Amino acid sequence: MSEQHTRAELFRSLHTPGSPLVLVNAWDAASARIVANAGGRAVATTSAGVAWSLGVPDGDVLGRDPAVDLVGRVAAAVSLPVTADIESGYGATTAEVGATIRAVIDAGAVGVNIEDARRDADSPLRDVADQCARIGAVRGAADAAGLPLFVNARIDTFLSGAGGVDETVARAVAYLGAGADGIFVPGVVDPATIGALVQAVPAPLNVLAGPGAPAVGELARLGVARVSLGSSVAEAAYAVARRAADEALGAGTYGALTDALDYGTLNALMR
Numbered sequence: 000m001s002e003q004h005t006r007a008e009l010f011r012s013l014h015t016p017g018s019p020l021v022l023v024n025a026w027d028a029a030s031a032r033i034v035a036n037a038g039g040r041a042v043a044t045t046s047a048g049v050a051w052s053l054g055v056p057d058g059d060v061l062g063r064d065p066a067v068d069l070v071g072r073v074a075a076a077v078s079l080p081v082t083a084d085i086e087s088g089y090g091a092t093t094a095e096v097g098a099t100i101r102a103v104i105d106a107g108a109v110g111v112n113i114e115d116a117r118r119d120a121d122s123p124l125r126d127v128a129d130q131c132a133r134i135g136a137v138r139g140a141a142d143a144a145g146l147p148l149f150v151n152a153r154i155d156t157f158l159s160g161a162g163g164v165d166e167t168v169a170r171a172v173a174y175l176g177a178g179a180d181g182i183f184v185p186g187v188v189d190p191a192t193i194g195a196l197v198q199a200v201p202a203p204l205n206v207l208a209g210p211g212a213p214a215v216g217e218l219a220r221l222g223v224a225r226v227s228l229g230s231s232v233a234e235a236a237y238a239v240a241r242r243a244a245d246e247a248l249g250a251g252t253y254g255a256l257t258d259a260l261d262y263g264t265l266n267a268l269m270r
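Okay, here's the thing in structure tokens:
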């Protein structure tokens with residue numbers, strides 16, 4: 000059994016309802032090393048943070064090659080399982096989605112997030128049959144590679160305002176039937192709604208957390224299996240850069256840099 004296969008099996012085992020896997024999403028090798036050094040059990044990328052760091056907006060704008068290159072850099076930087084946010088799959092067709100999965104696996108990932116969002120105000124979600132075909136392509140490519148890739152199907156009903164619990168559960172069941180292993184529902188923080196989703200979705204449930212969301216302990220009590228911080232960590236890091244720039248170019252002072260990780264600590268992490 001290969002080391003990557005072993006990491007894939009480990010990553011799959013970490014999805015336990017009531018004892019959630021907490022993912023502090025990274026966007027480069029240094030942030031991945033920081034997460035690992037803090038005790039993370041796995042590393043997840045954030046598509047938004049990755050896109051911003053590479054000079055483009057989030058939302059299916061970044062191409063496959065730079066996205067996969069970043070996944071490879073993160074996977075090479077840590078010994079933990081790495082799961083990649085691949086947005087909608089970096090491809091218009093199922094064949095192209097399959098090619099993305101082969102590349103992501105070659106880069107060292109053992110899991111992926113694939114979303115059903117469309118960048119269309121009139122139709123914010125993909126048709127269920129279309130998304131099932133794309134998830135099937137993900138599963139097929141992973142199976143052909145002989146890797147038990149954890150496929151986390153992201154459902155954007157709440158985030159886009161395009162549906163509630165019933166629509167989310169219907170999509171979840173369909174996506175699981177197409178080959179998904181877990182269900183990610185960003186945009187929901189109400190404990191009662193999260194509890195209802197946990198009860199109705201027959202798979203590990205992943206929620207997006209941050210300020211205003213229940214604490215990890217409360218999400219554990221609700222039966223959540225995976226907690227992601229998403230792009231919020233990158234957003235917080237960039238907020239420090241903006242405060243530092245505003246302060247240095249305005250008052251001419253440097254208070255925003257207080258409590259920064261020092262050069263030696265960061266440099267040591269990258270050795």
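Counting from 1, position 158 in the sequence shown corresponds to residue 157 in numbering that gives the first Met the number 0; the numbering is continuous, with no gaps.
Even for Gly, the Cβ is constructed at its ideal location relative to N, Cα and C.
Please read all numbers here as calculations on a predicted model, not as lab measurements.
When DSSP reads this structure, V206 sits in a beta bridge with V184, V226.
Rounded to whole angstroms, the gap between the alpha carbons of I113 and S30 is 22 Å. Around the beta carbon of A214, fewer than 16 other beta carbons sit within 10 angstroms, so the residue counts as exposed. Contact annotation, D105 with V150: C-beta distance approximately 17 Å; criterion of less than 8 Å not satisfied.
In this structure the stretch 175-190 touches the stretch 153-162; the number of beta carbon pairs closer than 8 Å is three or more.
DSSP places T15 outside any alpha helix (DSSP H), giving it a letter other than H or E.
In the DSSP assignment, V67 falls within the unbroken alpha helix (DSSP H) covering 63-76. Looking at the backbone, the Cα of R11 and that of G160 are separated by about 30 Å.
Taking a 10 Å sphere around the C-beta of V223, we find 16 or more other C-beta atoms and assign the residue as buried.
Contact between L268 and N36 holds: CB atoms are separated by about 6 Å, below the 8 Å threshold. The stretch 109-123 makes contact with the stretch 80-88; the number of CB pairs closer than 8 Å reaches 3 or more.
Note that the stretch 165-179 touches the stretch 118-137; at least 3 beta-carbon pairs, one per stretch, sit closer than 8 Å. If you look at R153, you'll find it in the beta strand (DSSP E) that goes 149-153.
Taken in chain order, the complete alpha helix (DSSP H) segments of 4 or more residues contained in the stretch 93-135 are 93-105. Taking V67 as the centre and dropping the five residues before and after it, the same chain places the C-beta of A102, V103, A106 closer than 7 Å to its C-beta, in chain order. Only exposed fits S78, as fewer than 16 other CB atoms lie within 10 angstroms of its CB. In this structure, the CA atom of I134 is about 31 Å from the CA atom of G38. In the three-state DSSP reduction, A83 falls in the strand class (E or B). R63 and A74 have their C-alpha atoms some 16 Å from each other. Take the alpha-carbon of P80 and the one of G251: they are about 43 Å apart. V164 and I100 have their C-alpha atoms spaced approximately 29 Å apart. Taken through DSSP and simplified to helix, strand or coil, A243 comes out as helix. Shown here for L265: same chain residues with a beta carbon closer than 8 Å to its own, the five before and five after excluded, namely A29 in chain order. The alpha carbon of V42 has as its nearest neighbour, out of T82, Y237, L260, the alpha carbon of T82. Counting every other CB atom within 10 Å of its CB across the protein chains shown gives T167 a total of 16 or more, marking it as buried. Secondary structure of A214 (DSSP, three-state): coil.
As computed with DSSP, A25 is found in a beta bridge with T44.
In its chain, beyond the 5 residues on either side, A243 have a beta carbon closer than 7 Å to the beta carbon of L256.
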